[in-house]
Amino acid sequence: MDESLKKDVNIDLDVLRHSTSHLMAQAVKELFPEVKVAIGPAIENGFYYDFDYPPGFTDNDLVKIEERMKEIVKKDIPIERKVLKKNEALDMFRNAGETYKLELIEAIDEDEVSIYKQGDFTDLCRGPHLSSTGKVGAFKLLNLAGAYWRGDEKNKMLTRIYGTAFQDEKSLDAYLQFLEEVKRRDHRRLGKELELFSIYDEVGAGLVVYHPKGAMLRYLLEDFERKEHLKRGYQFVVGPHILKLEMWKKSGHFDNYRDNMYFTKIDDIDYGIKPMNCLSHIMVYKSVIRSYRELPLRYFELGTVARHEKSGVLHGLMRVREFTQDDAHIFLRQDQLHEEILNIINFVRDTMKIFDFEYEMEISTRPDKFIGTIEDWDKAEGILKEVLIDEGIPFDVNEGDGAFYGPKIDIKLKDAIGRKWQCATIQCDFALPERFDLHYVDSDGKRKRPVMLHRVILGALERFMGVLIEHYGGKFPVWLSPVQVIIMNITDEQDAYVKSIYQSLVDKGIRTELDTRNEKLSMKIREGVVKKVPYMVIAGKKEMNSNTLTVRMRDGNELKDVRLDDFIERIQVDNISRR
RNA sequence: GCCCGCGUAGCUCAGUCGGAAGAGCACUUCCUUGGUAAGGAAGUGGUCACCGGUUCAAUUCCGGUCGUGGGCUCCA
Numbered sequence: 099m100d101e102s103l104k105k106d107v108n109i110d111l112d113v114l115r116h117s118t119s120h121l122m123a124q125a126v127k128e129l130f131p132e133v134k135v136a137i138g139p140a141i142e143n144g145f146y147y148d149f150d151y152p153p154g155f156t157d158n159d160l161v162k163i164e165e166r167m168k169e170i171v172k173k174d175i176p177i178e179r180k181v182l183k184k185n186e187a188l189d190m191f192r193n194a195g196e197t198y199k200l201e202l203i204e205a206i207d208e209d210e211v212s213i214y215k216q217g218d219f220t221d222l223c224r225g226p227h228l229s230s231t232g233k234v235g236a237f238k239l240l241n242l243a244g245a246y247w248r249g250d251e252k253n254k255m256l257t258r259i260y261g262t263a264f265q266d267e268k269s270l271d272a273y274l275q276f277l278e279e280v281k282r283r284d285h286r287r288l289g290k291e292l293e294l295f296s297i298y299d300e301v302g303a304g305l306v307v308y309h310p311k312g313a314m315l316r317y318l319l320e321d322f323e324r325k326e327h328l329k330r331g332y333q334f335v336v337g338p339h340i341l342k343l344e345m346w347k348k349s350g351h352f353d354n355y356r357d358n359m360y361f362t363k364i365d366d367i368d369y370g371i372k373p374m375n376c377l378s379h380i381m382v383y384k385s386v387i388r389s390y391r392e393l394p395l396r397y398f399e400l401g402t403v404a405r406h407e408k409s410g411v412l413h414g415l416m417r418v419r420e421f422t423q424d425d426a427h428i429f430l431r432q433d434q435l436h437e438e439i440l441n442i443i444n445f446v447r448d449t450m451k452i453f454d455f456e457y458e459m460e461i462s463t464r465p466d467k468f469i470g471t472i473e474d475w476d477k478a479e480g481i482l483k484e485v486l487i488d489e490g491i492p493f494d495v496n497e498g499d500g501a502f503y504g505p506k507i508d509i510k511l512k513d514a515i516g517r518k519w520q521c522a523t524i525q526c527d528f529a530l531p532e533r534f535d536l537h538y539v540d541s542d543g544k545r546k547r548p549v550m551l552h553r554v555i556l557g558a559l560e561r562f563m564g565v566l567i568e569h570y571g572g573k574f575p576v577w578l579s580p581v582q583v584i585i586m587n588i589t590d591e592q593d594a595y596v597k598s599i600y601q602s603l604v605d606k607g608i609r610t611e612l613d614t615r616n617e618k619l620s621m622k623i624r625e626g627v628v629k630k631v632p633y634m635v636i637a638g639k640k641e642m643n644s645n646t647l648t649v650r651m652r653d654g655n656e657l658k659d660v661r662l663d664d665f666i667e668r669i670q671v672d673n674i675s676r677r
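Residue numbers (this note's numbering): 99 to 677.
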């Protein structure tokens with residue numbers, strides 16, 4: 099499809115959704131006249147409207163509201179735009195008791211504002227809108243949620259109703275089916291079904307316990323990481339989990355990140371549990387005098403950090419309180435920045451390709467809480483932009499969203515069903531080298547200040563695993579499958595035969611399970627399918643007599659009369675080529 | 001942290017408008033040796049999240065705590 103055309107379709111859909119949101123507000127006002135309306139825009143996959151209604155709505159109310167909306171659609175009420183002076187509009191909404199609208203109008207800079215009227219319902223709105231309520235397409239109200247007025251937790255909590263709308267029933271159904279698919283792929287559900295991990299009340303919220311299959315997946319990712327980092331000139335370092343509070347004061351974490359940290363005391367000395375890995379890496383750098391010749395120094399650690407996340411944001415593996423980052427800190431000269439950032443971007447690119455992710459980049463600039471000088475910040479932001487522009491990589495800018503010590507490039511990867519996740523990030527830091535008085539001896543014999551890059555590729559292993567589980571829908575490629583092969587016999591006559599096959603595979607490092615239970619083959623296959631194991635090896639009388647295997651693959655296709663050596667080679671090729 | 005919902009067996013879920021707690025799967029045992037998504041039978045298993053209150057009686061009603069789900073806010 100032509101891009102411009104596609105865009106038009108999107109604009110139309112936005113208008114449709116926005117008008118559906120107004121339609122919902124009209125229905126709500128008719129059913130619950132005491133409700134005050136707040137704000138109701140179109141969003142990525144639908145729309146919402148925030149209402150101030152202290153008793154709150156129930157799921158039952160949603161059904162009623164939806165019915166009333168359909169009635170209003172049938173009446174095909176014209177939607178009319180009017181332009182009013184601000185004062186007139188203020189009077190109007192004041193008389194109607196719509197206090198939230200007053201706040202919105204007061205925030206508008208112009209002299210005039212537009213309002214949209216449909217029947218007895220009038221709303222402040224820039225528009226545009228459909229010409230009448232009958233033009234609204236297929237819609238469905240989805241869920242209720244609390245939302246702060248204007249997104250600020252100091253404000254009152256309103257009730258938000260989310261819905262979605264499309265031009266026709268077919269598109270709506272397709273979207274609802276997509277939501278079902280999202281549920282099927284949910285890593286929390288698959289995590290249980292595939293016995294990957296648990297989060298126990300008894301252990302604590304946001305704390306992950308890996309079961310054997312999940313631990314294997316994690317081990318495979320870690321192994322991958324170590325190999326890839328060694329290839330790219332990184333050195334491994336390992337730091338402690340707790341460091342003296344003094345260190346965190348010096349680094350600025352205590353002032354800027356304290357709310358997210360845990361603290362403890364040992365022999366009357368205060369310690370902080372690390373929320374980031376940088377401090378130990380800085381100590382390694384400082385341990386001897388550094389020459390300009392040895393830069394960049396790249397220190398890598400699968401570093402486990404603990405952060406106090408608010409209880410309401412915890413979510414499966416995606417948001418936890420203790421997680422392990424594939425973290426590295428690179429110490430380098432300013433003249434090396436461009437090239438090194440490019441190296442990291444290439445690292446990200448290569449990695450994302452292996453996992454079949456597309457991605458987008460975003461630059462985040464100086465936040466309100468920051469350390470260092472504005473000049474350094476501007477310099478760092480400039481270099482990040484320059485690299486992306488030079489490489490022709492498109493990016494968005496996220497103003498004020500940088501880390502407290504430096505601006506960053508965030509990489510948002512896109513999974514198999516089009517959702518975006520933030521994993522990799524590259525952060526440029528002039529501040530910590532200053533605070534810890536880092537230096538190197540330059541070619542002219544003078545001491546100079548190095549720059550630090552903080553970066554992760556997969557990000558947090560927990561989150562990355564969560565994303566991977568959903569991305570693959572639990573069907574991991576062979577190289578990442580916790581169990582690559584299940585061998586099943588048909589009767590116990592073949593016990594010795596399948597055991598010898600099992601041993602041969604295990605000897606080659608192939609992750610294999612043996613199913614010699616007293617069950618029918620169909621039962622064993624069913625369980626193999628449910629567990630999403632890539633290869634099922636069937637060995638009955640026939641195979642035993644011809645000394646071959648029958649291999650049933652995850653897609654249901656079958657390889658017959660396979661020689662054991664060929665099968666082993668096939669899996670080894672899968673492993674090496676990361677398929 | 002805040003708003004709303006939810007918490008019953010290992011899992012998925014019924015159920016009790018207050019009066020001795022149920023199913024399917026899983027697990028154990030027995031029968032069955034069966035060629036591509038559930039063979040049969042019997043059995044084990046629950047302080048109904050936790051703490052408190054109301055009541056003759058609470059898994060059920062009320063309050064609190066913890067956990068969890070959808071969001072807000074925040075972030076890897």
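Ideal placement from N, C-alpha and C gives every residue a C-beta, glycine not left out.
Computed from a predicted model, the values in this text were never measured in an experiment.
Distance from the Cα of residue 507 is smallest, within the candidate group 236, 518 and 525, for 525.
Restricted to the stretch 117-188, the alpha helix (DSSP H) segments that are unbroken, complete and at least 4 residues in length are 157-173, listed in chain order. For residue 401, the enclosing beta strand (DSSP E) begins and ends at 395-404. Here DSSP, grouped into helix, strand and coil, assigns residue 356 to helix. Excluding residues up to 5 positions away in sequence, 264, 266, 267 and 270 lie with their Cβ nearer than 6 Å to the Cβ of residue 236 in the same chain. If you draw a straight line from the Cα of residue 631 to the Cα of residue 282, it comes to about 17 Å. By the C-beta density criterion, residue 375 is buried, having at least 16 other C-beta atoms within 10 angstroms. With a 10 Å radius around the Cβ and a threshold of 16 neighbouring Cβ atoms, residue 598 comes out exposed. In terms of Cβ geometry, residue 280 and residue 295 do not form a close pair [threshold 9 Å].
Contact annotation: residue 547 and residue 531 have beta-carbon atoms nearer than 9 Å. A distance below 6 Å between beta-carbons, with the five flanking residues on each side excluded, links residue 472 to no residue of its chain.
With 16 or more other Cβ atoms inside 10 Å of its own Cβ, residue 117 counts as buried. Taking the Cα of residue 482 as reference, the smallest distance to any Cα among 551, 321, 239 and 614 is reached at 551. In this structure, the beta-carbon distance from residue 602 to residue 666 falls below 9 Å. Counted as a single uninterrupted DSSP element, the alpha helix (DSSP H) harbouring residue 379 occupies residues 376-384.
Counting only runs of 3 or more residues that sit fully inside the stretch 198-235, the beta strand (DSSP E) segments are 210-216 and 219-222, in chain order. Apart from the 5 residues on each side of it in sequence, residue 626 sits with its Cβ closer than 6 Å to the Cβ of 584 and 634 in its chain, given in chain order. Short of 8 Å from the beta carbon of residue 177, and not among the five residues preceding or following it, lie these beta carbons of its own chain, in chain order: 117, 120, 214, 215, 216, 227, 228, 229, 230 and 231.
As computed with DSSP, residue 504 is found in a beta bridge with 501.
Spanning the alpha carbons of residue 113 and residue 621 requires a straight line of approximately 52 Å. For a cut-off of 8 Å, the C-beta gap from residue 398 to residue 298 is around 31 Å, too long to register as a contact. Taking residue 672 as the centre and dropping the five residues before and after it, the same chain places the C-beta of 576 and 577 closer than 7 Å to its C-beta, in chain order. Following the DSSP letters along the chain, one finds residue 247 in no beta strand (DSSP E), marked with neither H nor E. The stretch 429-442 makes contact with the stretch 550-568; the number of CB pairs closer than 8 Å reaches 3 or more. CA-to-CA, the gap between residue 284 and residue 452 works out to about 22 Å.
If you keep only unbroken alpha helix (DSSP H) runs of at least 4 residues inside the stretch 495-563, you get 529-533. With a cut-off of 8 Å on Cβ pairs, the stretch 123-141 is in contact with the stretch 188-201, counting three or more such pairs. The alpha-carbon separation between residue 653 and residue 676 amounts to approximately 18 Å. Ranked by Cα distance from residue 582, the options 314, 167, 143 and 245 are led by 314.
Fully enclosed beta strand (DSSP E) runs of no fewer than 3 residues occupy 255-264 of the stretch 248-322, in order along the chain. By the criterion of at least three beta-carbon pairs nearer than 8 Å, the stretch 323-338 is not in contact with the stretch 347-362. Selection 345, 527 and 384 evaluated against residue 464 yields 527 as nearest (Cα-Cα). Residue 292 and residue 596 have their alpha carbons spaced roughly 24 Å apart.
DSSP places residue 477 in the uninterrupted alpha helix (DSSP H) bounded by 472-488. DSSP places residue 600 in the uninterrupted alpha helix (DSSP H) bounded by 593-605. Scanning its chain for C-beta atoms nearer than 7 Å, with the 5 sequence neighbours on each side dropped, one finds around residue 462 the residues 496, 499, 500, 505, 506 and 508, in chain order.
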